[in-house]
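Structure, as structure tokens:
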Amino acid sequence: MPYFAVYAPDYTDDDAINRRLAVRETHLANAAKNPAMKLGGAMLSPNEALDTPDATKKMAGSLMIFEANSYAEVKAIVESDVYWTGNVWDKEKTVITPWVSPKPL
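Below, the structure is given as structure tokens:
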């Protein structure tokens with residue numbers, strides 16, 4: 001079965017992080033139950049903060065790997081996620097693309 005990578009940046013308005021946090025537990029619970037999701041996590045910002053362990057880091061989006069039969073299947077999963085329906089992920093900037101790895105997941 002093919003793999004797909006999903007790059008889903010958050011909207012950047014001031015309330016985006018509040019929308020994310022409001023539905024985060026539901027998002028995580030649903031992701032944990034989804035057998036198609038092989039890997040996933042939050043992207044952090046700003047990049048410079050990663051070099052400073054005590055620096056405040058802000059969730060800025062999600063990066064996920066799915067194993068699914070088709071692009072349409074992954075698109076349906078993404079568009080039913082509470083981060084999508086709750087206007088956390090930027091719908092214009094979210095990308096779903098086929099993905100291959102030389103190392104099995």
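Just so we're aligned, residue 1 is where the sequence shown starts under full-length UniProt numbering, counting upward by one.
Glycine is no exception: its CB is placed at the ideal position from the N, C-alpha and C atoms.
Take P9 and list the residues in its own chain whose beta-carbon comes closer than 6 angstroms to its own, dropping the five residues that flank it on each side.
G61, D90 and K93
Inter-stretch contact at 8 angstroms, needing at least 3 Cβ pairs: the segment 64-77 / the segment 18-27:
no
Can you name the residues that DSSP bridges to S45?
K58
Anticipated Cβ contact below 8 angstroms, A5 with W99, distance rounded:
4 angstroms
With DSSP run on the structure shown, which of helix, strand or coil describes Y3?
Residue state, collapsed to three classes: strand.
Return the bridge partner residues of D10 from the DSSP annotation.
Answer is W89, bridged to D10.
Close beta carbons around S45, own chain, < 7 angstroms, minus the five adjacent residues each side:
K58 and A60, listed in sequence order.
Just to confirm, are K38 and E79 a CB contact at a threshold of 8 angstroms?
Against a cut-off of 8 angstroms, the Cβ pair of E79 and K38 comes out as no contact.
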